[in-house]
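Chains as they are written, first to last, in my numbering: chain A, 12 to 303; chain B, 51 to 326. Where is the CB? At the ideal position from N, CA and C, for every residue including glycine. This structure is a prediction, so every number in the text was calculated from the model and none was measured. Take a look at the structure set out below.
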Amino acid sequence: NLTEKLGDIFDKLKGKGKLTEKDLDITLREVKLVLLGADVNFKVVKDFIKNVKEKSLGSEILKSLSPGHQVIKIVNEELVDILGGENEKIIFNSNRVTKIMLVGLQGSGKTTTCAKIAYNYKAQNKKILLVAADIYRPAAIKQLKVLGDSIGVEVFSMGDKEEPWKILKAAEEYAVPKGIDLIILDTAGRLHIDENLMEELSLIKQNNIVDETLLVVDAMTGQDAVNVADKFNEKIGLSGLILTKLDGDARGGAALSIKKVTGKPIKYIGVGEKINQLESFYPDRMASRILG
Amino acid sequence: ILNFGEIDADTLEELEELFIQSDIGTNITFDLIEKIEKQSILGKLKNSDEVISFLKKEFIKTLEIETREKKSTKPSVTLVVGVNGVGKTTTIGKLAHHLKKGGSKVMMIAGDTFRAAAIEQLEIWAKRTDSVIVKHNEGADSASVVFDGINSGISKNMDFILIDTAGRLHNKVNLMKELEKIKNVIKKANDNIEIETLLVIDSTSGQNGLIQARSFKQVVDIDGIILTKLDGTAKGGIIFPIVSELKVPVVFIGVGEGVDDLRFFDSEDFISALFD
Ligand SMILES: Nc1nc2c(ncn2[C@@H]2O[C@H](COP(=O)(O)OP(=O)(O)OP(=O)(O)O)[C@@H](O)[C@H]2O)c(=O)[nH]1
Ligand SMILES: Nc1nc2c(ncn2[C@@H]2O[C@H](COP(=O)(O)OP(=O)(O)OP(=O)(O)O)[C@@H](O)[C@H]2O)c(=O)[nH]1
Ligand SMILES: [Mg+2]
Ligand SMILES: [Mg+2]
Chain A
12 NLTEKLGDIF DKLKGKGKLT EKDLDITLRE VKLVLLGADV NFKVVKDFIK NVKEKSLGSE
72 ILKSLSPGHQ VIKIVNEELV DILGGENEKI IFNSNRVTKI MLVGLQGSGK TTTCAKIAYN
132 YKAQNKKILL VAADIYRPAA IKQLKVLGDS IGVEVFSMGD KEEPWKILKA AEEYAVPKGI
192 DLIILDTAGR LHIDENLMEE LSLIKQNNIV DETLLVVDAM TGQDAVNVAD KFNEKIGLSG
252 LILTKLDGDA RGGAALSIKK VTGKPIKYIG VGEKINQLES FYPDRMASRI LG
Chain B
51 ILNFGEIDAD TLEELEELFI QSDIGTNITF DLIEKIEKQS ILGKLKNSDE VISFLKKEFI
111 KTLEIETREK KSTKPSVTLV VGVNGVGKTT TIGKLAHHLK KGGSKVMMIA GDTFRAAAIE
171 QLEIWAKRTD SVIVKHNEGA DSASVVFDGI NSGISKNMDF ILIDTAGRLH NKVNLMKELE
231 KIKNVIKKAN DNIEIETLLV IDSTSGQNGL IQARSFKQVV DIDGIILTKL DGTAKGGIIF
291 PIVSELKVPV VFIGVGEGVD DLRFFDSEDF ISALFD
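Structure (C-alpha cells):
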C-alpha cells in the first residue's frame, strides 16, 4: 500500500544523507500514480500534488525523522479536506413540500437511488411521493412502480407522453392535499452533451421550485467524471452528489475530482442493489479507499 | 492539439495528459511515452506528425488481435454479461435488430430475474425487434429460465439466441458463481452449443473496467467485448489495457439508446477518435 511504498522510497533516499526537494518529487510521483490509478482526474491530481508539495515543504518534512509518514499524513488531510465537510443530508422545507430531483448519466443508479431515499425517509416517518419522469427508457415507469410497491411508497406517473416539468407540477398539486413531506423525482439518464435533454432538465427547474438537484455518479467512472459534473452543474445547477455502486471494488477517485471541481457535497453513497443499501458519506473512509 | 514541430517535454506532457484523460491508464501511457522518447533520441521521430502516426500504429497493434474461429452452430447462442447499468439489455435489443435485418430468427431469454422490471424492459425490446422472448416470473431461478429458453430456441429452430443476465459486480462471489451455473446449464441443454460470451463495458469506466474484465474472463471466459456509450465524451481508453492483457477483441460499440445505435468495432476509427 501507499504507506509501505513511500516508506521504502524514503528509506532508500535517507541512505544518501540529507533529503532534498528532488527526493520529495520522487515521492510525490508515487502519490500521483496512486491517485491516477484510482481514477482521480489528471488535472485534479496535478493541483493536488502541487498543494501537497507546498504543504510538505512548509512543514519542514525534509528534516523529519519519518518523512514518508509525514507525506502520507498531509496527503490524507488534503484528501479529507477536499472530500470533506460535515455529513450533509437533504435540507427539508418547513412551509411546503420538499422536492428533490435525481439526475445523471445513463445507468448510474438514479431510479434505484430514488427508491432508496424514499425508504430512508419513510423510516423517519416522512410521507413520500416518488415521481416517474423518465418518459423514454423502456419500462422505466414500471421499474419505479415496482420499487415503490416494495416499500409501500406511492409512485406518481402521467405516462410517457407528458413533459417532465408538467409531471412534477401535477405531482405537487396531487401531493399537497395528501400531506406529502417529500417528492422525489426520477429523471431519464442523459448525456451532459445532449442539448435537448439538458434543456428538459432546465425546464423542470424553471417551472418548479426544486430544493435539491442531486447528480448520481457511478463509482467506477473514470476521467470523464469531471466533464459530466461540470456540465450538469453549469447547465442546471447541482446541490449535491450521490456516488453509487461503492459495494464494488472501484477506488472511486471520481468522487474527489467531482467534489473538487463542483464544490458540491456528497450526500449519500449507494452500497448495494437492495433498497436499504444507502449510506451516509464519510470523507475519511473515502480518502483511504482512494489511496488503496 | 500536438501542433508543435519539435518533440519536447511539453509535447510529451500533452500526450501523457491525453492518454490518461482517455482512461488508457498509467502503465500503457508511460510505456508509450518512453518508446517515443527513445525513438526521438534515435532520430526516428522528428516532429509531432511522426509521433502521432507512430502512436496510431502502436495502438492498432494492441487492438488487432488474433481471434479463434468459432464453429457456427444453429442456434448460435450469445450470453451477455457485465456489471450493473452498462447497457446489456439495450445492447441485446440492438443486436436483435441487427440480426433480424439479416433475415434471421432471433430469440431473447430474460435471464435477469432479479431487478425490478428487467423482464418488462426486455419484452419491449423483443416487441420492437419482432423477436421471440422466453421469460419466467420475476424471482425465478435465472439458470432455469435459460435452460427452458435454450430448449425452446432449439425446438423453434432459432438462428440466434441472446441471453440477458442481471447486472452484477465482479467482486460478488455468489453472483459470479451464478454465471458459471448459467453457462453449465446451456451445455446441459445441448452439449454441441458453442456459447459466445460477450462482456459489456461502459466507456465511462475508469481503471476498474480492467478489473471487471479480468474477473469475468476468469469466471466465464469472455469471447468479445461490447463497449457502450461511446456517444458520450468518454474515450473508452480502458479497452487498451483490457485487450492487451486479456487478448479479447472488441466486437461492437454502442453509440446511443436507439435500436440502430450499434456499430461493428473499427480500430482505426476508434484510434482516430482518441486524438480528436
Ligand atoms: N451493486 C450496486 N448496484 C446498484 C447500485 N445502485 C444501483 N445499482 C444497480 O445499477 C443498475 C442501474 O440502476 P438504475 O437505477 O436502473 O440506473 P438509472 O440511473 O436509473 O438508469 P437509467 O434510468 O437508464 O439512466 C441496476 O442494476 C441497479 O440495481 C449500488 O449502489 N450498488
Ligand atoms: N447514450 C447511450 N446510452 C446507452 C447505451 N447503451 C445503453 N444505454 C443506456 O444505458 C442505460 C442502461 O441500459 P441497460 O440496457 O438497462 O443496462 P443493463 O446493463 O442491462 O443494466 P442492468 O440490467 O440494470 O445491469 C439505459 O438508459 C440505456 O438506454 C449507449 O450506447 N449510449
Ligand atoms: Mg432510471
Ligand atoms: Mg439489464
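* Is the Cβ of G116 (chain A) closer than 8 Å to any Cβ of chain B? -> Taking the first residue of the first sequence as 1, we reach residue 116 (chain A) at position 105. It should be noted that the sequence gives Leu, not Gly, for residue 116 (chain A). Taking Cβ atoms only, chain B reaches closer than 8 Å to L116 (chain A), which makes this a yes.
* To do: Could you please give me the residues that DSSP links to G161 (chain B) through a beta bridge?
  => Counted from its first residue, the second sequence places residue 161 (chain B) at position 111. Residue pairing by DSSP places G161 (chain B) opposite B:T215 in a beta bridge.
* **Pocket of ligand 4 (residues with CB nearer than 5 Å to any heavy atom), chain order** => Close to ligand 4, as judged by a C-beta nearer than 5 Å to any of its heavy atoms, are the residues B:K138, B:T139, in chain order.
* Asked: Taking the alpha-carbon positions, what's the G259 (chain A) to H220 (chain B) distance?
  -> Residue mapping note: residue 259 (chain A) aligns to position 248 of the first sequence, counting from 1. Residue mapping note: residue 220 (chain B) aligns to position 170 of the second sequence, counting from 1. Pairing G259 (chain A) with H220 (chain B), the inter-Cα distance amounts to about 7 Å.
* To do: Taking only runs that begin and end inside the stretch 179-212 of chain A, name each unbroken beta strand (DSSP E) of 3 or more residues, in chain order.
  => As far as the stretch 179-212 of chain A is concerned, its whole beta strand (DSSP E) runs of at least 3 residues are 193-198.
* Excluding the 5 residues preceding and the 5 following L95 (chain B) in the sequence, name in chain order all residues of the same chain whose CB lies nearer than 8 Å to its CB. => As a working mapping, residue 95 (chain B) is identified with position 45 in the second sequence. Within the same chain, and ignoring the five residues on either side of L95 (chain B) in sequence, the residues whose Cβ sits closer than 8 Å to its Cβ are I57, I86, Q89, V101, F104.
* To do: Would you give the residue range spanned by the alpha helix (DSSP H) that R313 (chain B) belongs to?
  => Here residue 313 (chain B) is taken as the residue at index 263 of the second sequence, counted from 1. Secondary structure note for R313 (chain B): it is in no alpha helix (DSSP H), and the uninterrupted beta strand (DSSP E) holding it is 312-314.
* What three-state label does DSSP hand I245 (chain B) in the structure shown? -> Within the second sequence, numbered from 1, the residue matching residue 245 (chain B) stands at position 195. It is a strand residue.
* Asked: When you compare each of B:T215, B:D319, B:F302 to L312 (chain B) by their alpha carbons, which one comes out closest?
  -> To locate residue 312 (chain B), count along the second sequence from 1; it is residue 262. For L312 (chain B), the closest alpha carbon among the candidates B:T215, B:D319, B:F302 is that of B:F302.
* Output, in chain order, the set of chain B residues within a Cβ distance shorter than 7 Å of F53 (chain A). => Within the first sequence, residue 53 (chain A) is the residue found at index 42, counting from 1. Think of a sphere of 7 Å around the beta carbon of F53 (chain A): the chain B residues whose beta carbon falls inside it are E67, I70, Q71, in chain order.
* **Rounded separation between Y185 (chain A) and V166 (chain A) - CA only** => Counted from its first residue, the first sequence places residue 185 (chain A) at position 174. Counted from its first residue, the first sequence places residue 166 (chain A) at position 155. A straight line joining the alpha-carbon of Y185 (chain A) with that of V166 (chain A) spans about 11 Å.
* **Inter-residue spacing [alpha-carbon to alpha-carbon] between T204 (chain A) and V133 (chain B)** => The residue labelled residue 204 (chain A) in the question sits at position 193 within the first sequence. The residue labelled residue 133 (chain B) in the question sits at position 83 within the second sequence. A small fix is needed here, since residue 204 (chain A) is Ile in this sequence, not Thr. One Cα belongs to I204 (chain A), the other to V133 (chain B), and the distance between them is close to 24 Å.
* **Buried versus exposed, by CB contacts within 10 Å (16 or more), L129 (chain B)** => If you number the second sequence from 1, residue 129 (chain B) lands on position 79. L129 (chain B) is classed as buried because its beta carbon has at least 16 other beta carbons within 10 Å across all chains shown.
* To do: Answer with yes or no whether the minimum CB distance from G199 (chain B) to chain A is below 8 Å.
  => Mapped onto the second sequence, residue 199 (chain B) falls at position 149. No, G199 (chain B) does not count as interfacial toward chain A.
* Asked: Quick one: complete beta strand (DSSP E) runs, 3+ long, within the stretch 94-175 of chain B?
  -> Restricting attention to beta strand (DSSP E) runs no shorter than 3 residues, the stretch 94-175 of chain B encloses them at 126-131, 156-161, ordered along the chain.
* Taking only runs of the beta strand (DSSP E) that begin and end inside the stretch 100-167 of chain A, which ones reach a length of at least 3 residues, in chain order? -> Runs found: 109-114, 139-144.
* **Coil, strand or helix - G259 (chain A) by DSSP** => Stepping through the first sequence from its first residue, residue 259 (chain A) is reached at position 248. If DSSP states are grouped into helix, strand and coil, G259 (chain A) belongs with coil.
* Going along chain A in order, which residues have a C-beta closer than 9 Å to the C-beta of E116 (chain B)? -> The count along the second sequence starts at 1 and reaches residue 116 (chain B) at position 66. Chain A residues near E116 (chain B): none, gap ~28 Å exceeds 9 Å.
* To do: Indicate whether the contact test is met: 3 or more Cβ pairs, each with one atom in the stretch 44-55 of chain A and one in the stretch 262-275 of chain A, closer than 8 Å.
  => Enough Cβ pairs lie closer than 8 Å, so yes.
* In its own chain, which residues sit with a C-beta less than 7 Å from the C-beta of V91 (chain A), not counting the 5 before and 5 after it? -> In the first sequence, residue 91 (chain A) corresponds to position 80, counting from 1. Here the set comprises P294, D295, A298.
* Within 10 angstroms of the Cβ of G189 (chain B), are there 16 or more other Cβ atoms? Answer buried if so, exposed if not. => Counting from 1 along the second sequence, the entry for residue 189 (chain B) is found at position 139. Counting Cβ neighbours within 10 Å, G189 (chain B) comes out exposed, since fewer than 16 surround it.
* Segments of 4+ residues assigned as alpha helix (DSSP H) that fall wholly inside the stretch 54-97 of chain B -> DSSP runs (the alpha helix (DSSP H)) wholly in the stretch 54-97 of chain B: 59-71, 76-91.
* In three-state terms, what does DSSP make of M169 (chain A)? -> If you number the first sequence from 1, residue 169 (chain A) lands on position 158. The three-state secondary structure of M169 (chain A), taken from DSSP, is strand.
* Asked: Looking at chain A, which residues of the stretch 182-195 of chain B have a Cβ within less than 7 Å of any of its Cβ atoms?
  -> So nothing in the stretch comes that close.
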